[in-house]
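Residue numbers (UniProt numbering): 1 to 173.
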């Protein structure tokens, strides 16, 4: 895997979604077949020696990565969505972002008690979004194996929120 090549496919957009934020845009990476392929296999590698029952993808870019990883791991795919997007019985978890707050939700029957879960998202920054996903999975009875991220923004210290879990990131900025 060519980490520098993958990093070259991440576009930085200043002041998005708010002033002062340096947004890491993964769309060029997703559009490049070599970069996308390497990224999915790189993320899957984190979990290949674990028995994973479900892979949780966090709305919305996390869905793109997690579904491919779940397929390769022969695991089920679970979506954690922004509030108001799931139609069935669900629970909600509010969390802080680097530029505000938001809420995520999960269907109450998405993960069964004792199922082994890997959580995947595109970026680990402050860790608030992933922390909310961890709480949701635990609240419906899942056991978190570890978390995987395409990108980790190390200066944001998001990893500190997950001392009891393994955290993997493919690209560090």
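Idealized CB from N, CA, C, for every residue including glycine. Remember, it's a predicted structure, so these values are computed and weren't measured experimentally.
Item: Contact under 7 Å by Cβ, residue 161 with residue 115; Value: no
Item: Paired residues, beta bridge with residue 148 - DSSP; Value: 120 and 168
Item: As assigned by DSSP and simplified to three states, the class of residue 114; Value: coil
Item: Per-residue burial, residue 90 [other beta carbons within 10 Å of its own, 16 or more giving buried]; Value: buried
Item: Whole-Å CB distance - residue 42 paired with residue 95, under 8 Å assumed; Value: 26 Å between Cβ atoms; not a contact.
Item: Residue 58 versus 149, 109 and 170, residue with shortest Cα-Cα distance; Value: 149
Item: Residue nearest to residue 81 in terms of C-alpha spacing, selected from 97, 70 and 56; Value: 56
Item: Under the three-state DSSP convention, the category residue 84 falls into; Value: coil
Item: Euclidean distance between Cα positions of residue 63 and residue 121; Value: 8 Å
Item: Contact belief for residue 144 with residue 165 at Cβ below 8 Å, rounded distance in angstroms; Value: 5 Å
Item: Residue 23 in three-state terms, based on DSSP; Value: strand
Item: Burial state of residue 117 (16 or more Cβ within 10 Å); Value: buried
Item: Opposing strand residues paired with residue 90 [DSSP bridges]; Value: 107
Item: CB-CB length for residue 86 against residue 105, believed under 8 Å; Value: 5 Å
Item: Option in 140, 29 and 21 with minimal Cα separation from residue 2; Value: 29
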